[in-house]
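In our numbering, the protein residues as written are 125 to 321.
The C-beta atom is built at its ideal place from N, Cα and C for all residues, glycine as well.
Source: prediction; values computed, not measured.
See the structure below:
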């Protein structure tokens with residue numbers, strides 16, 4: 125709980141931006157961590173509501189994808205990704221503008237981040253099944269023991285790997301809308317696909 129509130133304090137106290145941008149960043153973090161984000165995804169996980177591929181993808185999109193999305197969109201907003209927009213009348217309208225992907229650039233960041241969140245979880249599922257506990261820093265095979273819905277449980281290791289590669293490809297495709305800004309984000313996607321822990 126303390127870390128959650130600390131995120132807002134750090135944004136509001138330590139970022140150099142106008143009030144409108146700071147409010148937009150705070151709204152983005154709030155949306156990503158609430159019921160329509162991390163909390164909702166965690167509920168699906170704990171309640172065992174991911175019965176098929178679509179549910180599993182939705183759960184991962186909420187649980188991990190929205191957090192990655194918030195981090196990337198917050199960075200984009202703080203770097204001026206929406207400076208050409210006319211100011212809104214109030215705080216609620218600012219939050220709604222951000223949720224509505226106010227620029228093509230923000231929409232591209234969202235698409236990339238959502239796919240990277242799913243990619244991270246697919247690779248996590250694969251590592252849980254095939255990884256070395258000493259390298260992972262956690263018990264391998266825990267998801268299978270707990271009978272959790274995972275990409276490996278639904279599709280097997282090889283198909284999960286293929287789906288990870290497909291997710292990686294989609295993430296990189298989303299970056300085509302961000303010429304000149306894609307190199308570092310592509311490296312992040314590459315790292316997530318190839319990680320061993």
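### Task
Kindly indicate the opening and closing residues of the alpha helix (DSSP H) around residue 197.
190-202
### Query
Beta carbon of residue 135, beta carbon of residue 149: below 7 Å?
yes
### Message
Tell me the DSSP secondary structure of residue 270 in three-state form.
### Response
coil
### Message
Just verifying my parser: in three-state terms, what is the DSSP assignment at residue 227?
### Response
coil
### Query
Taking just the CA atoms, how far does residue 194 sit from residue 147?
13 Å
### Task
Alpha carbon to alpha carbon, how far is residue 143 from residue 252? Give it in angstroms, no decimals.
43 Å
### Query
Grouping DSSP H, G and I as helix and E and B as strand, with all else coil, what is residue 319?
coil
### Task
Taking residue 295 and residue 232 to be in contact with their CB atoms under 8 Å, please state how far apart those CB atoms are, rounded to whole angstroms.
The Cβ separation is near 11 Å, so there is no contact.
### Message
Comparing C-alpha positions only, which one of 229, 128, 256 sits nearest to residue 264?
### Response
256
### Task
If I'm right that residue 198 touches residue 249 with Cβ under 8 Å, what's the distance once you round it to whole angstroms?
Between residue 249 and residue 198 the Cβ distance is about 27 Å, and since that is not below 8 Å, they are no contact.
### Message
With three or more C-beta pairs closer than 8 Å as the rule, is the stretch 160-175 touching the stretch 183-190?
### Response
yes
### Task
Compare the Cα-Cα distances from residue 243 to each of 126, 287, 127, 254 and report the closest residue.
287
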